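Trainee:
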Amino acid sequence: MNQRFLLATALISASLVAIGLLAVDIPLSHWIHASGHENAALFVVGLGTLDGIVGIRVWYWLCSLVCVGMGLLGLAIARRSRLPRALPWAVLCAGIVQAATIGTMMLGKTAFGRLRPQQLFESGDWSVIWFSAGGSFPSGHASFYFGLFLPLAASAPRTWQRVALIMVPVFVALARLDMNRHFLSDVATSALVAAAWSLLMVAAIRRWRPAQ
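With the working numbering, the residue at position 65 of the sequence shown is 252, and numbering never jumps.
(1) Which same chain residues end up closer than 7 angstroms to V255 when comparing Cβ atoms and leaving out the 5 residues on each side of it in sequence?
(2) Could you give the distance in angstroms between the alpha-carbon of E225 and the alpha-carbon of I219?
(3) Hey, would you say A343 sits closer than 8 angstroms to L337, going by beta carbons?
(4) Can you say whether W347 is buried or exposed, counting buried as having 16 or more other CB atoms within 10 angstroms of its CB?
(5) Go ahead and label D312 buried or exposed: buried means 16 or more other beta carbons lie within 10 angstroms of its beta carbon, across all protein chains shown.
(6) Along the alpha helix (DSSP H) that carries L208, what are the first and last residues, could you check?
(7) Tell me whether S323 sits in a helix, a strand or coil according to DSSP, three-state version.
(8) Ordered along the chain, which non-local residues of its own chain (more than five positions away) have a Cβ less than 6 angstroms from that of D212?
(9) According to DSSP, is G300 part of a helix, a strand, or is it coil?
(10) Would a C-beta distance cut-off of 8 angstroms place S216 and P304 closer than the cut-off?
(11) Pull up the distance between the alpha-carbon of F331 and that of A263, whole angstroms please.
(12) Which residue's Cα is closest to the Cα of L302: M292, I316, G295?
(13) Counting C-beta neighbours from all protein chains within 10 Å, is the total for P214 16 or more, i.e. buried, or is it exposed?
(14) Give me, in chain order, the residues of the same chain whose beta-carbon lies closer than 8 angstroms to that of L274; leave out the 5 immediate sequence neighbours on both sides.
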């Protein structure tokens with residue numbers, strides 16, 4: 188995986204987390220709510236299509252399990268046939284990073300209990316946002332997609348491939364913002380967690396896997 192790409196993603200994500208928490212989260216959610224573009228069809232239909240493809244509604248861990256299984260199988264086949272191992276390694280790492288990111292996200296939701304913007308608009312009470320048994324921070328969807336596509340993007344050999352892959356979770360993050368299911372810092376934290384786990388995976392691979 189490209190470490191510079193992951194470090195840049197982590198830096199951008201951390202900056203957005205800070206900006207969101209300190210200044211932008213609430214004004215941005217109000218702007219989206221008043222813009223007339225909340226729940227835009229592009230985001231609602233697009234996200235629904237993506238969710239159906241990756242099986243997120245079937246089982247949250249399904250994609251991770253499939254990626255780990257395919258990665259291990261691909262490595263076994265490559266070892267016997269001497270085929271390139273880059274792709275199975277990338278798929279295996281994506282499965283592991285996604286599972287770790289999802290697990291971290293679930294712990295975060297339980298610990299912080301942040302209410303979603305949608306819930307706050309419905310209640311009209313913005314006095315208490317945190318530690319209220321909510322599930323906004325960090326974003327589950329952003330964790331799922333950044334956890335899967337960020338390591339794949341970092342493993343891609345060409346720039347256009349990297350851009351195409353990372354645009355998937357970016358689209359998902361924008362969709363969750365447009366649907367007012369999350370604040371900016373919710374989705375940015377998910378990206379930051381995925382980047383951190385990806386960097387840990389890079390360190391583990393460099394330690395345990397011989398240079399090729």
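Just so you know, even glycine gets a beta-carbon here, dropped at the ideal spot from N, CA and C. All figures in this text were calculated on a predicted structure; none of them were measured in a lab.
Mentor: Let's see:
(1) As a first step, residue 255 is located in the sequence shown; it is residue number 68 there, counting from the start. Correct list, in chain order: L279, G282, I283.
(2) Position 38 of the sequence shown holds residue 225. Position 32 of the sequence shown holds residue 219. Taking the straight line from one Cα to the other gives about 6 angstroms.
(3) Residue numbering aside, residue 343 sits at position 156 when the sequence shown is read from its first letter. Residue numbering aside, residue 337 sits at position 150 when the sequence shown is read from its first letter. L337 sits away from A343, with the two beta carbons spaced by 8 angstroms or more.
(4) Taking the first residue of the sequence shown as position 1, residue 347 is located at position 160. Exposed.
(5) Walking along the sequence shown from the start, residue 312 turns up at place 125. It is exposed - the Cβ of D312 has fewer than 16 other Cβ atoms within 10 Å.
(6) As a first step, residue 208 must be located in the sequence shown, where it is residue number 21. No alpha helix (DSSP H) holds L208; DSSP gives it neither H nor E.
(7) Start at 1 with the first residue of the sequence shown, and residue 323 comes out as number 136. Here S323 sits in coil by DSSP.
(8) In the sequence shown, the residue the question calls residue 212 occupies position 25. Correct list, in chain order: F370, L371, S372.
(9) Indexing the sequence shown from 1 puts residue 300 at position 113. G300: coil per DSSP, three-state reduction.
(10) Sequence index remark: in the sequence shown, residue 216 carries index 29 (1-based). Sequence index remark: in the sequence shown, residue 304 carries index 117 (1-based). Taking 8 angstroms as the cut-off, the Cβ atoms of S216 and P304 count as close.
(11) For the purposes of this step, residue 331 is taken as the residue at position 144 of the sequence shown. For the purposes of this step, residue 263 is taken as the residue at position 76 of the sequence shown. For F331 and A263, the distance between alpha carbons rounds to 27 angstroms.
(12) Locating residue 302 in the sequence shown gives position 115, where the first residue counts as 1. When only C-alpha atoms are compared, the closest one is I316.
(13) Translated into the one-based positions of the sequence shown, residue 214 becomes position 27. A residue is called buried once 16 or more other Cβ atoms fall within 10 Å of its Cβ, and P214, having fewer, is exposed.
(14) Numbered from its first residue, the sequence shown carries residue 274 at position 87. Once the five neighbours on either side are set aside, the close Cβ partners of L274 are G261.
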